Structure formats: structure tokens, C-alpha cells
Amino acid sequence: MLPRASFRPRHGFTTIEALVAAVVFLLGLSGLLGALTQARNATGQARRYMQATDIANDLVEQIQLWRFDDPRLDPKAGVCNDDPLDKAGAMLKSKESAEYVAYTKCMRDDFDIKPNNRQWSGLAAPEFKDEQGNTTTYWRYFMVRKQVVNPSVTRLQIWVKVRYDDAGEPRVVTTQAMRIQMLGLQ
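Residue numbers (this note's numbering): 1 to 186.
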């Protein structure tokens, strides 16, 4: 004779319930792992952006210390004077592209920052390493517009741009400064 089935409820989980719970748990873990990977990438992007901003601010601070008649602050003619904010995105193009070359030709770069071994107390080499030892190189540029407001007031508008590569794509940080020279008050 076959044993009789018990009608009392059993305590605990069945095998299928345990398997479903394990699958749900593993899906949650894989989602968490994906979120951690995204957070790590976002942290790296934020670090590079912050470093580029610091480099731009460092250059602005150094420019503020230069004499008003310093030849490095003489404007250069070119495409960048028509579009100082680079709305056309020339600095985001390949460094070999005609747009990039034309735009940066009228800007000043590291060679102009320290001409003739002039004293430079800013950041010497614009590159940083991350915790894995990967080096990010930053290229710094600046351009100057000079405007004579009236015979006794001259204004310099200075745009500083820092370009770097982030995950193979070029990125640019732009900041602006202004200097005013007043020869006499009337």
C-alpha cells in the first residue's frame, strides 16, 4: 500500500522557489556590477574634466600676472577671432584637420607661454597620470582680443582653451578673463 500524502502544510521553500530567488538575486548583482562600472568611468571623466579646468584656471592666473604690454598679449589675426567660443567645433576635430589647424594657428600655445626661457611659475607640463598609470595629456591655448574703449581705457578679452582626449574623443574646456588698463581718470 502506498503511503498517504500528508495534508499538513510543509515549512520552507520548494526547489523551484529557491531557483527563482537565486536568479533574481544574480540579476540584481549583475545590475549592481554594471552600475559600479559606470560610476568608475564617470569618476575618470570627472577627474579629467577637473584637471583640464584647473589647467585653464592656472593659465588665466598666470596671464593676469603679466604686464599689460607683454608681447604675449598681442592679438593674432585669424579664424579664432571671429569665433572665440568655437561654436563651429574646430577644436573638436582631428588635429590634422584643416579646421583645427586654421583655428589654432591664431591662438597661442605652450611655445608662446614661455618664450625665450621667460620665468614661468605656472604648471610646467600639462599632463597627469591616473591610478593605473595612464597618462592624459592636455594642450593649452589662449587668444586675446584688444579693444580700445576710449583713448584712456583699453580692454583685453582673453579666452583660454584646454583640449584633452577622453575615451578617444577630444574634449575642450574654455574659460575667459578680462584685463582693463585705465591711463587716467577724468
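Where a beta carbon is used, it is the ideal one built from N, C-alpha and C, also for glycine.
None of these values were measured; they are calculated from a predicted model.
Unbroken beta strand (DSSP E) runs of no fewer than 3 residues, entirely contained in the stretch 60 to 131, are found at 127 to 129, following chain order. In this structure, DSSP gives ALA167 a state outside helix and strand, which the three-state scheme calls coil. In terms of CA proximity to GLU131, ARG48 leads the group LEU33, ARG48, PRO3, THR14. With respect to the C-alpha of ARG155, the residue from ALA177, TYR141, THR137 having the closest C-alpha is ALA177. Look at ASN134 here: in three-state DSSP terms it is coil, with no helix or strand label. Looking from the CA of VAL144, the closest CA among THR104, ILE16, THR137 belongs to THR104. Note that the stretch 39 to 48 does not touch the stretch 92 to 112; fewer than 3 beta-carbon pairs, one per stretch, sit closer than 8 angstroms.
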